[in-house]
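Here is the structure we will look at.
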C-alpha cells in the first residue's frame, strides 16, 4: 500500500550481516527509532548479488572498485535498480543510510584509494536518495 509512510534504512544498521566483511553496523538508536514504523531495509550490494563477505569496495571516479582494481558497475546498478523498484512500491518519508558506504553513503565516503581517508561525498544509492525529495538523515544517531 503506497499511502502508508515508510522509512528506508540500510540493512546493516538493523543488524543484518551484509557488510563486505560479513559484519553489520547495528545501531540501537536506529532500532529504537524505527521500532513502531513501517521499514524498508535495503542493502544494494547484496541485492546486486555481491557475496558476503566480499572485497571492500570504494568509489573511484564515480565507479565502484575493489582493492584489486575490479569494477562492480553492473552489480551495483542491479542492486540499486532492485532497491529503486522496491522504493516505487512504498511511500518513503525518511531515509537512514550508513555513512561511508559505497552504496548507501551520505555525507562522506572513502577516497577510492583504500587509504582510509574520508572525503565529502555520497554512495551511489545515497546520491540518488539525496536528489529526491525524501528526507535524508544526514547524521547517524
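In this note's numbering, the protein residues as written are 1 to 141.
Positions of the beta carbon are idealized from the N, C-alpha and C atoms, including for glycine.
If you reduce the DSSP assignment to three classes, tell me which class residue i lands in.
i, result
"residue 114", "coil"
"residue 120", "strand"
"residue 38", "coil"
"residue 161", "Residue 161 lies beyond the range of the chain shown here (1 to 141); nothing can be said about it."
"residue 137", "strand"
"residue 1", "Because residue 1 sits at a pLDDT of 48, beneath the cut-off of 50, its placement in the model cannot be relied upon, and the following sentence gives the value as read from the coordinates. It is coil, neither helix nor strand."
Could you spell out where the beta strand (DSSP E) holding residue i opens and where it closes?
i, result
"residue 10", "5 to 10"
"residue 93", "91 to 96"
"residue 57", "57 to 60"
"residue 102", "That residue, residue 102, is in no beta strand (DSSP E); it is neither H nor E in DSSP."
Using the beta-carbon count (16 or more within 10 Å), is residue i buried or exposed?
i, result
"residue 47", "buried"
"residue 71", "exposed"
"residue 1", "With a pLDDT of 48 at residue 1, under the threshold of 50, the predicted position of this residue should be treated as unreliable, and no value is reported."
"residue 120", "exposed"
"residue 131", "exposed"
"residue 49", "exposed"
"residue 51", "exposed"
Output the boundary residues of the alpha helix (DSSP H) element that contains residue i.
i, result
"residue 75", "73 to 88"
"residue 106", "That residue, residue 106, is in no alpha helix (DSSP H); it is neither H nor E in DSSP."
"residue 46", "44 to 47"
From the beta carbon of residue i, is the nearest beta carbon of chain C less than 8 Å away?
i, result
"residue 93", "In the displayed structure, chain C is absent; only one protein chain is listed."
Notebook entry, point to check: Hey, is the segment 52 to 67 in contact with the segment 85 to 93, meaning 3+ C-beta pairs nearer than 8 Å?
Noted result: They do not touch, by the three-pair rule.
Check: Is the segment 71 to 87 touching the segment 29 to 37, taking contact as three or more C-beta pairs under 8 Å?
Finding: no
Check: For the 8 Å Cβ check, are there 3 or more pairs between the segment 108 to 126 and the segment 23 to 31?
Finding: The segment 108 to 126, when compared against the segment 23 to 31, does not touch it at the 8 Å Cβ threshold.
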